[in-house]
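Number 184 marks the last residue of the sequence shown (my numbering); no jumps.
Beta carbons are placed, not taken as given, at the ideal position from N, Cα and C, and that holds for glycine.
The model shown is predicted, which means the values in this text are computed figures rather than measured ones.
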Amino acid sequence: TTNLITFRQGSSKAAYGGLIFAQALAAAENTVDESLKPHAMHSFFILKVDTSLPVQYHVRRVRDGRSFCTRTVEAIQEGKIVFTLQVSFHVLEPDAAVHQDTMPDVPSWKELKSMTDLVPWLMTEITEGRIQVAPVVEKRLKSYDNRANQDGELFEVNKYEKEKNIIRHQEIEIIANAGKTLK
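This is how it looks when you write it as structure tokens:
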């Protein structure tokens, strides 16, 4: 069975690919039961889509099962296929096993100080002997301090990554706790 759905785009001449994808997915979702959710998808952008012209979405029902359904969607404009989407839908089931760690208890990003504020303060604490860190950590902080004092940073970084941060475990605890008390 084929379903036909037509959408119009906005005013720009070239269509945004995410919109074409979303409309194709919506067309496919309209052909399955609400208990089925998208499980796997694969798509191809074949030709440029002109937003001044309508796009027709042809949905082909490939398979209708109890747990899985499969749909193929072709986006067609002026008789040419411009986009295809294959999507598999699956009934939500309880997890048989969960293979992920529990989120660690960390401060909210709102409580953390930016690196621009924190690093100079931390360097002062280290220089004046109130905090002791390994020489490699102090060297890394100095490079952060030099960058923090430069104008024109593209974005602000608030860090608390125990496993990935260059300043490892105990040092990051010092930074996180210092950040909460920094005024």
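N-terminal and C-terminal residue of the alpha helix (DSSP H) that I132 is part of: One-based indexing of the sequence shown puts residue 132 at position 131. Looking at the DSSP string, I132 is not in any alpha helix (DSSP H), and its letter there is neither H nor E.
W110 to V60 span [Cα, whole Å]: As a first step, residue 110 is located in the sequence shown; it is residue number 109 there, counting from the start. As a first step, residue 60 is located in the sequence shown; it is residue number 59 there, counting from the start. Cα to Cα, W110 sits roughly 44 Å from V60.
Boundaries of the alpha helix (DSSP H) in which A98 is found, first to last residue: Reading the sequence shown from its first residue, position 97 is the one you call residue 98. Neither: A98 is in no alpha helix (DSSP H) and is coded neither H nor E.
With 16 other Cβ atoms within 10 Å as the buried cut-off, status of A29: Residue mapping note: residue 29 aligns to position 28 of the sequence shown, counting from 1. By the neighbour-count rule (16 or more Cβ atoms within 10 Å), A29 is buried.
Neighbour-count burial assignment, Y17, 16 or more Cβ in a 10 Å radius: For the purposes of this step, residue 17 is identified with residue 16 of the sequence shown, where counting begins at 1. It counts as exposed.
Buried versus exposed, by CB contacts within 10 Å (16 or more), T128: Taking the first residue of the sequence shown as 1, we reach residue 128 at position 127. Exposed is the call here.
Whole-angstrom C-beta distance between F90 and L37, which should lie under 8 Å: As a working mapping, residue 37 is identified with position 36 in the sequence shown. As a working mapping, residue 90 is identified with position 89 in the sequence shown. Correct: roughly 4 Å between the Cβ atoms.
Q78 and S44 closer than 9 Å at C-beta: In the sequence shown, the residue the question calls residue 78 occupies position 77. In the sequence shown, the residue the question calls residue 44 occupies position 43. No; because the gap between Cβ atoms is not below 9 Å, this pair is not in contact.
Where S89 sits in the DSSP three-state scheme: Working through the sequence shown from its first residue, we reach residue 89 at position 88. Three-state DSSP puts S89 in a strand.
Through-space distance from T103 to R72, alpha-carbon basis: Here residue 72 is taken as the residue at index 71 of the sequence shown, counted from 1. Here residue 103 is taken as the residue at index 102 of the sequence shown, counted from 1. For R72 and T103, the distance between alpha carbons rounds to 35 Å.
Same chain, Cβ closer than 7 Å to K49, neighbours up to 5 away in sequence not counted: For this step, residue 49 is matched to residue 48 along the sequence shown. For K49, where only same-chain residues beyond five positions count, the Cβ hits under 7 Å are A15.
Proximity to G80 [Cα-Cα], best of V56, K114 and L142: Against the sequence shown, residue 80 aligns to sequence position 79. G80 has its Cα closest to that of V56, out of V56, K114 and L142.
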